[in-house]
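Working notes, beginning with the structure itself.
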Amino acid sequence: MKPTDARERLIAAMTDALQRRGLHGSGLTELLRAAKAPKGVLYHHFPGGKTELAVAAIEATVARLCSMLEARMAGLDPAVGLMAWVDGAQKRLAESGYEQGCPLATIALETTQADVAIRAALGAGFARIRTHIAAGLARAGYQQGVAESLAALMVAAYEGGLLQARAAGTPEPMHLVGQALLSLLSLHRPKEKHNV
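Okay, so the sequence shown: first residue is 2 according to this note's numbering, each after it adds one.
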């Protein structure tokens, strides 16, 4: 379903552009055309222009990922929920013809020290995703330190697997990432959870 609010359309257009071409590969005219919005609407909602819109797209992506993780890990073995997350990303990538990667990784690879606001949004966003995963693992009985370490590794593996799958045009890297993460989760599974 397409967003009807101009602000939401702009964020959706930026998110799509980040997934496909990155920040610098996406022109303002192209973004406005995709959002069906005039330039004045962009600056009304995002006075900081393209950078502020990119930050909003990052924040919206992080919120969506955290909500997805929360839903997938609630009441489930965390391994099942996390593998659903990995599998869902791989399927979306394949359905896009290996064109739409993760907008967070795409923009992160492009940033420079001058991109202060974008880097701050990315840093906070990745930390929020790790926190959601770690909290889910901790609720399932994983020790807090182990949960935090596994969460950091999972986010890195997820992003790296998507980048490799997109570049290769095959789901194999994501499949391998999923298998490796399952093994690690099993290895560190709380003892009392083995017989569940």
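We put the CB at the ideal spot given by N, CA and C, even for glycine.
In this text the structure is predicted, and so the values were computed from the model without any measurement.
Compare the beta carbon distance of residue i and residue j with 9 Å and say whether it is the shorter of the two.
i: residue 15; j: residue 90; result: no
i: residue 35; j: residue 18; result: yes
i: residue 69; j: residue 140; result: no
i: residue 161; j: residue 179; result: no
i: residue 185; j: residue 164; result: no
i: residue 144; j: residue 191; result: yes
i: residue 118; j: residue 53; result: yes
i: residue 33; j: residue 55; result: no
i: residue 156; j: residue 120; result: no
i: residue 83; j: residue 137; result: yes
i: residue 95; j: residue 172; result: yes
i: residue 87; j: residue 129; result: no
i: residue 183; j: residue 80; result: yes
i: residue 1; j: residue 168; result: Only positions 2 to 197 of the chain appear in this structure, which leaves residue 1 out of reach.
i: residue 12; j: residue 85; result: no
i: residue 46; j: residue 7; result: yes
i: residue 133; j: residue 71; result: yes
Could you pull the start and end residues of the alpha helix (DSSP H) that residue i belongs to?
i: residue 47; result: Taken as a continuous stretch (DSSP letters only), residue 47 belongs to no alpha helix (DSSP H), as it is neither H nor E.
i: residue 159; result: 145 to 169
i: residue 190; result: Neither: residue 190 is in no alpha helix (DSSP H) and is coded neither H nor E.
i: residue 26; result: Element bounds for residue 26: n/a, residue is neither H nor E.
i: residue 125; result: 117 to 140
i: residue 8; result: 7 to 21
**OP:** Can you check the region 57 to 115 for any alpha helix (DSSP H) of at least 4 residues that lies completely inside it and give the ranges in chain order?
**Re:** Here the runs fully enclosed are 79 to 96, 104 to 111.
**OP:** Would you check if the region 124 to 131 and the region 86 to 102 touch, i.e. whether three or more CB-CB distances between them fall below 8 Å?
**Re:** no
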